[in-house]
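Written out below as structure tokens is the structure these notes cover.
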Amino acid sequence: MAWTEERVTELKKLWAEGHSASQIAKQLGGVTRNAVIGKVHRLGLSGRATPSRPVKRPPRLARPKPQVTQPIAATAKPASSPNRTPKESLPALPSRMAPAAYVKPKRLGNGDMVTVMTVSDSMCKWPIGDPADPDFGFCGHSSDGDSPYCSEHAKLAFQPSKRKRTNTYGQATRMAG
DNA sequence: CCCTGATTCGC
DNA sequence: GCGAATCAGG
């Protein structure tokens with residue numbers, strides 16, 4: 001399977017949306033996650049929106065070659081059963097949303113915000129502001145029954161991830177001649 | 001043990 | 001350029 005422009009475009013899109021390499025590999029089909037990662041690297045997309053992993057490993061040692069020309073003939077290990085369990089792909093688990101879809105909470109202009117110290121059980125726990133800010137707090141309205149949020153924020157919390165269904169692949173076929 | 005991305009290197 | 005093997009971490 002070759003990396004056509006369409007597939008590379010799809011790869012970029014999915015990668016930018018935060019999908020994992022294996023997810024992208026399944027989506028595209030015909031490639032493994034290694035292939036996806038390798039392509040991502042060659043495209044220079046390796047670091048997306050996850051700088052929370054500044055792991056710098058020293059250069060690894062060269063991979064040891066299995067030495068196929070081994071003169072050994074007495075390989076007495078037939079007991080190994082290399083059966084593999086076929087993974088059943090999960091149907092549709094909205095594991096996570098795209099980072100771009102995250103809406104930064106805004107403070108409601110009513111001054112009803114409570115702080116981490118004062119928020120209690122029946123209060124809406126919708127975050128207000130940046131957790132790093134000293135005045136970070138919660139909405140504080142009465143929570144809506146089961147929901148940890150008030151009626152307003154509960155709607156926001158349960159809003160399904162709306163996907164963009166705009167398939168604009170027209171320009172990809174211009175080089176088909 | 002499952003997953004994740006990162007890197008190397010033979011092809 | 002490609003991707004399996006491998007590594008390293010969660």
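175 is the number that UniProt numbering gives to position 175 of the first sequence; each next residue is one higher, with no gaps. We put the beta carbon where it would ideally sit given N, CA and C, even for glycine.
*Helix, strand or coil at M1 [DSSP, three-state]*: coil
*On a CA-only basis, which of E10, A16 and H41 is nearest K26? Give me that one, please.*
When only C-alpha atoms are compared, the closest one is E10.
_Same chain, Cβ closer than 6 Å to V36, neighbours up to 5 away in sequence not counted_ = A21, I24 and A25
*Do you know how far the Cα of K39 is from the Cα of K12?*
Between K12 and K39, the C-alpha separation is close to 10 Å.
*Helix, strand or coil: which one does DSSP assign to S81?*
Confidence in S81 is poor, its pLDDT being 43 and thus under 50, which makes the residue's placement unreliable; the coordinate value appears in the next sentence. Residue state, collapsed to three classes: coil.
_Per DSSP, what are the beta-bridge partners of G29 in this structure?_
Per DSSP, none; premise fails for G29.
*Please list, in chain order, all residues of the same chain as D121 whose beta carbon is under 7 Å from its beta carbon, the five residues on each side excluded.*
none
*On a CA-only basis, which of S46, V31 and K125 is nearest A16? Give me that one, please.*
Ranked by Cα distance from A16, the options S46, V31 and K125 are led by S46.
*asked:* Residues in the same chain with beta-carbon distance under 7 Å from V31, minus the five sequence neighbours each way, listed in chain order, please.
replied: Closer than 7 Å at Cβ, skipping near neighbours: M1 and A25.
*With distances taken between CB atoms, is the gap from M123 to G145 smaller than 7 Å?*
no
_Quick check: does the Cβ of C139 come within less than 6 Å of any heavy atom belonging to the ligand COA?_
As presented, the structure is devoid of all ligands, the ligand COA included, so that no description of it is given.
_Bridge-paired residues (DSSP) for S122_ = None, per the DSSP bridge assignment.
*asked:* Measuring straight from C-alpha to C-alpha, what distance separates S151 and G18?
replied: 29 Å
*How many Å lie between K125 and F138 at the Cα?*
5 Å
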